[in-house]
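Novice:
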Amino acid sequence: MRLDEFPGTDCDNFLSDIGDWSQILQNAFMFASVQTVGSYLITDLKDMRTHDDASAECQKQQGHLVKVDSIQERYWLVQKVYYLWKTQRLVFFWVGLSNRPRTDSTGFKWEDQTDLDRASCIPDNAGSRKGPDNDGTEHCGDLWYGQLNDDNCNEHYPYICEMPMSRLASSGNIDDFHAVQNKLNCTFDADFCQWTQAKNDDFDWTRHTGSTPTDETGPTTDHGGSGDKPLPRDYTS
Numbered sequence: 001m002r003l004d005e006f007p008g009t010d011c012d013n014f015l016s017d018i019g020d021w022s023q024i025l026q027n028a029f030m031f032a033s034v035q036t037v038g039s040y041l042i043t044d045l046k047d048m049r050t051h052d053d054a055s056a057e058c059q060k061q062q063g064h065l066v067k068v069d070s071i072q073e074r075y076w077l078v079q080k081v082y083y084l085w086k087t088q089r090l091v092f093f094w095v096g097l098s099n100r101p102r103t104d105s106t107g108f109k110w111e112d113q114t115d116l117d118r119a120s121c122i123p124d125n126a127g128s129r130k131g132p133d134n135d136g137t138e139h140c141g142d143l144w145y146g147q148l149n150d151d152n153c154n155e156h157y158p159y160i161c162e163m164p165m166s167r168l169a170s171s172g173n174i175d176d177f178h179a180v181q182n183k184l185n186c187t188f189d190a191d192f193c194q195w196t197q198a199k200n201d202d203f204d205w206t207r208h209t210g211s212t213p214t215d216e217t218g219p220t221t222d223h224g225g226s227g228d229k230p231l232p233r234d235y236t237s
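Per full-length UniProt numbering, the sequence shown starts with residue 1, numbered consecutively.
1) Starting from residue 148, trace the alpha helix (DSSP H) in both directions and tell me its first and last residue.
2) Could you tell me if residue 61 is buried or exposed, where buried requires 16 or more neighbouring beta carbons within 10 angstroms of its beta carbon?
3) Would you check if there are 3 or more beta carbon pairs closer than 8 Å linking the stretch 103–112 to the stretch 41–50?
4) Can you have a look at residue 114 and say buried or exposed, based on whether 16 or more other CB atoms are within 10 angstroms of its CB?
5) According to the neighbour-count rule (16 or more other Cβ atoms, all chains shown, within 10 Å of its Cβ), is residue 110 buried or exposed?
6) Report the three-state DSSP secondary structure of residue 45 (helix, strand or coil).
7) Are residue 93 and residue 45 close, meaning C-beta to C-beta below 8 Å?
8) Going by DSSP, which residues form a beta bridge with residue 92?
9) Looking at the strands, I want to know which residues DSSP matches up with residue 97.
10) Cα-Cα, which of 161, 162, 156, 100 is closest to residue 136?
11) Roughly how far, in whole angstroms, is the beta-carbon of residue 65 from the beta-carbon of residue 95, given that I think they are within contact range, below 8 Å?
12) Taking the straight line between their C-alpha atoms, what separation do you get for residue 82 and residue 58?
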């Protein structure tokens, strides 16, 4: 059940800054947000955990499960997980929200014990048209198709960690996460086969001018079998 269904609020009418981002090789993604002055680590199919295990891993990485402080932050995160929706059909991502140890459907709080409130366009129970906790076991929050949702805490989902910006600079030390499996089964290290190049990316896979260098083409030894010299490696008919 969505936690942000309540009348009288239009969460979609605002301008949001998508911000800058950088990818680290060892995990799914790490992002820097210009809005929260923090960084986020978002996992994928290779690292799905229960809510408690996800929270513990975020703390291990000097952070916490993300606290969504505003509408803008929520939509900024939606921009970032959209790729995983398209490529891996991932629609649930744990966030730092729970009402435990309660057993009812009220009192949802963030990990820092602040209440879930309307300031982020996500109401508490009293304001929703339909109460959350559909089957009596949904006491942890996740991001679901861009909306905050309550779910069973024992489900295994990817998750979103929020960390100080300093972690972005030291992200090379994060080694407990895994990159998304590439689609082309490439064997080289630092595999970027499945990514789309952004205009301001640091990578350029296209040779714009000139022929392919000789040392990048053709065989390097004689394969004729009779002592014949091989054709030059940049030979074209």
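The beta carbon of each residue, even a glycine, is placed where N, CA and C say it ideally should be.
Specialist: In short:
1) Here residue 148 is taken as the residue at index 148 of the sequence shown, counted from 1. Careful: residue 148 lies outside any alpha helix (DSSP H), inside the beta strand (DSSP E) at 147–152.
2) For the purposes of this step, residue 61 is taken as residue 61 along the sequence shown, with counting starting at 1. Burial call: buried.
3) no
4) The residue you call residue 114 lines up with position 114 of the sequence shown. Residue 114 comes out exposed.
5) Locating residue 110 in the sequence shown gives position 110, where the first residue counts as 1. When all chains shown are included, residue 110 counts as buried.
6) Sequence index remark: in the sequence shown, residue 45 carries index 45 (1-based). Residue 45: coil per DSSP, three-state reduction.
7) Taking the first residue of the sequence shown as position 1, residue 93 is located at position 93. Taking the first residue of the sequence shown as position 1, residue 45 is located at position 45. No, these two residues do not count as a Cβ contact at 8 Å.
8) Here residue 92 refers to the residue found at position 92 when the sequence shown is read from its first residue. DSSP output for residue 92 lists 144 as bridge partner(s).
9) Walking along the sequence shown from the start, residue 97 turns up at place 97. Beta-bridge pairing links residue 97 to 110.
10) Taking the sequence shown and counting its residues from 1, one reaches residue 136 at position 136. For the residues 161, 162, 156, 100, the minimum Cα distance to residue 136 belongs to 100.
11) The count along the sequence shown starts at 1 and reaches residue 65 at position 65. The count along the sequence shown starts at 1 and reaches residue 95 at position 95. Indeed they touch by this definition, with Cβ atoms about 6 Å apart.
12) Numbered from its first residue, the sequence shown carries residue 82 at position 82. Numbered from its first residue, the sequence shown carries residue 58 at position 58. Looking at the two C-alpha atoms, the distance is approximately 21 Å.
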